[in-house]
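Taking it in order: structure first as structure tokens, then the write-up.
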Amino acid sequence: MSHTVPADQTAAELSAWWRLIELCLPLHDTCGALTFRPSGAETIGSDWDEWLVGVYFPVLSPAFEQLLAAACAQDLQAVRAADTDLGKSLAPACARSSLGVGRRVLSDCLPPQGAKLLENLRLWAEQDTTAGHAATVFAVRGQVFHLPGVQLAAAFLLAECVLGAEAAGVTLPAARAAELVRGGLAGSRRDAAVQLMAV
């Protein structure tokens, strides 16, 4: 059974999630697509569904959970292992775009003072050109700001959706973006009822 979410609730959700994107992916306005690459406006819904089934549910969602757990534990070795596994699990084109975005954030954005894990991730990525996927950077930066994992997962999905659409020349209306993200959350192992938070 589906129900319509009021427009003001949709706007509040998107605004809350977007604030997290600004914290976790500070170059979002210029970074391009992460791993979702729709072919155009006409197919964005079906492209999103295919991406969820082929990339997000089997690869990104479990990797993101591992990355969040490792970041919360301040365990650089576990972060490195999860990042390496993610790179091996993504299709080559997805891995390239994910690395490009993540490494750019690591190289161009100085970590907040005292963010030791993020600084160590940055140093590792300087030495290893296969290190620093977008999901890894997003999760570790989210931990720096002590953000809840469910909120981070929603924000990461929104970033994938909106940035992928923009890279294909599509500007998604807020209601459509929220609908696509909620569909991804509802299909994942996480609780689909994401509680709003103030950041």
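Residue numbering for the sequence shown follows the working numbering, beginning at 160 and increasing consecutively. Each residue gets a CB set at the ideal place from its N, CA and C atoms; glycine is no exception.
Asked	Found
Where do the ends of the alpha helix (DSSP H) carrying residue 266 lie?	251-267
Taking the alpha helix (DSSP H) that residue 295 belongs to, which residues open and close that run?	293-303
Between the region 266-276 and the region 201-216, do at least 3 Cβ pairs fall closer than 8 Å?	no
Going by beta-carbon coordinates alone, are residue 301 and residue 316 separated by less than 8 Å?	no
Output the boundary residues of the alpha helix (DSSP H) element that contains residue 281.	275-286
Does the pairing of the region 291-306 with the region 167-178 give three or more beta-carbon distances under 8 Å?	no
By alpha-carbon positions, which one of 251, 168, 201, 207 ends up nearest to residue 322?	207
Within a Cβ cutoff of 8 Å, which residues of the same chain sit near residue 329, ignoring the five residues on either side of it in sequence?	197, 199, 200, 203
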